[in-house]
Amino acid sequence: DAMVIQNPRYQVTQFGKPVTLSCSQTLNHNVMYWYQQKSSQAPKLLFHYYDKDFNNEADTPDNFQSRRPNTSFCFLDIRSPGLGDAAMYLCATSRDRYNSYEQYFGPGTRLTVT
Amino acid sequence: QQQVKQSPQSLIVQKGGISIINCAYENTAFDYFPWYQQFPGKGPALLIAIRPDVSEKKEGRFTISFNKSAKQFSLHIMDSQPGDSATYFCAAGDSNYQLIWGAGTKLIIKP
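What follows is the structure, given as structure tokens:
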């Protein structure tokens with residue numbers, strides 16, 4: 017089945033220790049998104065790619081970076097995690113920008129910062 | 008103006024009852040209104056969506072009602088089942104092809 021895969025599902029890191037979360041998709045979708053979701057809140061968009069075109073949300077901290085080396089893979093790097101960065105990180109895709117209302121989400125990576 | 012306001016924050020409905028979740032928006036440029044369903048520990052999944060030129064869309068037990076003049080839309084779940092217990096998010100698509108999300112409604116269906 018075509019899908020969005022996130023690894024790892026659970027990640028524990030220490031305060032200030034860099035961490036990388038990965039996402040892959042077999043849908044061959046043009047657009048990929050990274051969201052942060054804290055408990056009982058809506059997903060918050062961090063950034064997205066239209067193909068290789070990177071788009072950063074204005075309020076995304078500089079501590080968060082992303083890479084998309086090819087169509088299938090996307091990475092979220094948190095350079096110096098703080099306690100406030102503990103959250104669920106969701107990767108999503110859409111076929112193209114015109115279908116951004118229809119997003120396909122991965123299961124998420126639960127990040128714990130100790 | 009970019010907000011989507013969702014209510015209630017939480018909702019408890021008896022099995023077999025009708026669950027109703029409401030959303031309101033201000034930006035008339037929004038042109039697509041999806042609803043997402045999220046189970047604990049999972050990513051959201053698109054449930055149903057509507058464009059503003061349609062007043063109602065039904066898929067199985069799920070119906071979106073859309074009132075363009077009032078700038079409101081709602082999700083109705085008929086014959087609610089325990090398996091429907093989840094968090095529901097309304098959203099609106101804007102001219103930049105991004106989604107503006109509502110705050111979410113935690114729905115509990117009591118057996």
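First to last, the sequence lines map onto chains A and B. Quick note: to get my numbering, add 16 to the position in the first sequence (first position is 1). Quick note: to get my numbering, add 7 to the position in the second sequence (first position is 1). We put the beta carbon where it would ideally sit given N, CA and C, even for glycine. Since this is a predicted model, take the numbers as computed values, not measurements.
* Exposed or buried, what is Tyr26 of chain A when buried is set at 16 or more other beta-carbons lying within 10 Å of its beta-carbon? -> Locating residue 26 of chain A in the first sequence gives position 10, counting from the first residue. Flag for Tyr26 of chain A reads exposed.
* To do: Could you please give the first and the last residue of the uninterrupted beta strand (DSSP E) stretch that includes Met104 of chain A?
  => Here residue 104 of chain A corresponds to residue number 88 of the first sequence, with the count starting at 1. Met104 of chain A -> beta strand (DSSP E) spans Ala103 to Ser110.
* Asked: Which residues in the same chain as Ser76 of chain B place their Cβ atom closer than 7 Å to its Cβ, once the five residues preceding and following it in sequence are excluded?
  -> The residue you call residue 76 of chain B lines up with position 69 of the second sequence. Its chain contains no residue whose beta carbon lies nearer than 7 Å to that of Ser76 of chain B once the 5 sequence neighbours on both sides are disregarded.
* Grouping DSSP H, G and I as helix and E and B as strand, with all else coil, what is Leu92 of chain A? -> The residue labelled residue 92 of chain A in the question sits at position 76 within the first sequence. It is a strand residue.
* Determine the direct distance from the alpha carbon of Gly23 of chain B to that of Asp91 of chain B, and round the result to whole angstroms. => Taking the first residue of the second sequence as position 1, residue 91 of chain B is located at position 84. Taking the first residue of the second sequence as position 1, residue 23 of chain B is located at position 16. Each residue's Cα considered, the two are about 11 Å apart.
* Name the chain A residues whose beta carbon is nearer than 8 Å to that of Ala56 of chain B? -> Taking the second sequence and counting its residues from 1, the one referred to as residue 56 of chain B is at position 49. The answer, in chain order, is Tyr117 and Glu118.
* To do: Could you tell me the distance, in whole angstroms, from the CA atom of Ser96 of chain A to the CA atom of Ala103 of chain A?
  => Sequence index remark: in the first sequence, residue 96 of chain A carries index 80 (1-based). Sequence index remark: in the first sequence, residue 103 of chain A carries index 87 (1-based). Distance between the alpha carbons of Ser96 of chain A and Ala103 of chain A: 15 Å.
* Asked: Excluding five sequence neighbours on each side, which residues of the same chain lie with their C-beta closer than 6 Å to the C-beta of Ser40 of chain A?
  -> Here the question's residue 40 of chain A lines up with position 24 in the first sequence. Contacts found: Ile21, Ser88 and Phe89.
* Asked: What three-state label does DSSP hand Asp38 of chain B in the structure shown?
  -> Start at 1 with the first residue of the second sequence, and residue 38 of chain B comes out as number 31. Three-state result, Asp38 of chain B: coil.
* To do: Mind reading off the beta-carbon distance from Arg113 of chain A to Tyr104 of chain B? Whole number of angstroms is fine, and I expect it under 8 Å.
  => The sequence position of residue 113 of chain A within the first sequence is 97, counting from 1. The sequence position of residue 104 of chain B within the second sequence is 97, counting from 1. Between Tyr104 of chain B and Arg113 of chain A the Cβ distance is about 4 Å, and since that is below 8 Å, they are a contact.
* Rounded to whole angstroms, how far is the Cβ of Leu99 of chain A from the Cβ of Phe31 of chain A, which I believe are closer than 8 Å? -> Stepping through the first sequence from its first residue, residue 99 of chain A is reached at position 83. Stepping through the first sequence from its first residue, residue 31 of chain A is reached at position 15. That belief holds up - the Cβ atoms of Leu99 of chain A and Phe31 of chain A are roughly 7 Å apart, short of 8 Å.
* Asked: Using the C-alpha atoms, what's the distance from Ala52 of chain B back to Leu43 of chain A?
  -> By 1-based counting over the first sequence, the position of residue 43 of chain A is 27. By 1-based counting over the second sequence, the position of residue 52 of chain B is 45. Spanning the two alpha carbons is a distance of roughly 15 Å.
* Asked: So, using beta-carbon positions, are Ile55 of chain B and Leu82 of chain B closer together than 9 Å?
  -> The residue you call residue 55 of chain B lines up with position 48 of the second sequence. The residue you call residue 82 of chain B lines up with position 75 of the second sequence. Cβ atoms of Ile55 of chain B and Leu82 of chain B: closer than 9 Å.
* **Identity of the residue in A:Pro24, A:Tyr66, A:Val28 and A:Gln119 nearest Val129 of chain A by Cα** => For the purposes of this step, residue 129 of chain A is identified with residue 113 of the first sequence, where counting begins at 1. Selected option, being the one with the closest Cα: A:Val28.
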